[in-house]
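Same order as they appear, the protein sequences are chains A and B. In this text, residue positions in the first sequence follow our numbering: the first is 535, and each later residue adds one. In this text, residue positions in the second sequence follow our numbering: the first is 102, and each later residue adds one. Just so it is clear, CB atoms sit at the ideal spot from N, CA and C, and this is done for glycine as well. As the structure is a computational prediction, the values presented were derived from the model and not from experiment. Remarks on the structure that follows.
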Amino acid sequence: GENVEQHPSTLSVQEGDSAVIKCTYSDSASNYFPWYKQELGKRPQLIIDIRSNVGEKKDQRIAVTLNKTAKHFSLHITETQPEDSAVYFCAATASGGSYIPTFGRGTSLIVHP
Amino acid sequence: GAVVSQHPSRVICKSGTSVKIECRSLDFQATTMFWYRQFPKQSLMLMATSNEGSKATYEQGVEKDKFLINHASLTLSTLTVTSAHPEDSSFYICSARDPSSFADTQYFGPGTRLTVL
Chain A
535 GENVEQHPST LSVQEGDSAV IKCTYSDSAS NYFPWYKQEL GKRPQLIIDI
585 RSNVGEKKDQ RIAVTLNKTA KHFSLHITET QPEDSAVYFC AATASGGSYI
635 PTFGRGTSLI VHP
Chain B
102 GAVVSQHPSR VICKSGTSVK IECRSLDFQA TTMFWYRQFP KQSLMLMATS
152 NEGSKATYEQ GVEKDKFLIN HASLTLSTLT VTSAHPEDSS FYICSARDPS
202 SFADTQYFGP GTRLTVL
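As C-alpha cells, this is what we get:
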C-alpha cells in the first residue's frame, strides 16, 4: 500500500518568514495530492491540492510543488502570519480506485509574532 | 465545497455504555464515507470505509464488533462505539467525497470528541 512520509514534524518560524513542508510517497499510482490545515480541535480543511499532471500550483501565499519522478511534493507558505499556526497534513490518493487518501503524520507549524 | 456535518460534537459517557456518532453529507450524496480516529498530536488513522447499502470495510486492527458502522442512506453514516472504555476516548472524524464532482477531494466533518469515564 501507499506510504507517505512528512517532514518536519514541528516547524517554528518568525512572522513574515517562509515555511516549507515536505512529503514523499511510495505508490506511483497516486495522482492526487491534497494538503489540509487542522487547527486545534477542529476539522482538517483543504487548503490546496495538486494533480500529477501539474508540477506546481499557487494560491496567494500558498504553493505546492510536485516531483513525480522523485515521488515528493512540498507545501510552501510565504509571508507567514500567526494565524497560519496549525497542523498541516499532506496526503496521497490514487484516483479511480477507492479514493482513500493516505495521510502523512502532520507538521505542527508555529508562527511567532 | 461540499459540507459534511457530524453529531454530536462532544460526548461524555460512562464505561460500558454505547455511543452513536452521526455523519451526514448535507449537499451531496455520498456512496462512501470514511471514519477516522485521531489521538492528540497525531495523524488521522483510518478506521473503516462505510459503504451505502453494504458492509463496512474495516482497517486491520479495528474491531468491527466494537465499532459498528451503518450506512443506511446516501447521506448518513453512523459509527457506534459499543461497550466503551476509557481507551476509546479520542477524536472521531468522518469524511466523504462528492462522487458527482470530478475532484478527489475529501471533505471532513467537524469531529466528535468522545470521553469515556
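Query, Result
"GLU539 of chain A beta carbon near the ligand ADP (any heavy atom closer than 7 Å)", "Ligands displayed in this structure: none; no statement on the ligand ADP is therefore possible."
"DSSP three-state assignment for GLU590 of chain A, whether helix, strand or coil", "strand"
"Same chain, Cβ closer than 6 Å to GLU590 of chain A, neighbours up to 5 away in sequence not counted", "THR599"
"C-beta neighbour in chain B for PRO647 of chain A, strict 8 Å", "no"
"As assigned by DSSP and simplified to three states, the class of GLU613 of chain A", "coil"
"Per DSSP, the bridge partner or partners of THR150 of chain B", "B:PHE135, B:THR158"
"Exposure label - GLY117 of chain B; buried when at least 16 CB within 10 Å", "exposed"
"Pairwise C-alpha distance: ALA604 of chain A and THR627 of chain A", "16 Å"
"PHE129 of chain B and ASP199 of chain B closer than 8 Å at C-beta", "yes"
"Neighbour-count burial assignment, LEU147 of chain B, 16 or more Cβ in a 10 Å radius", "buried"
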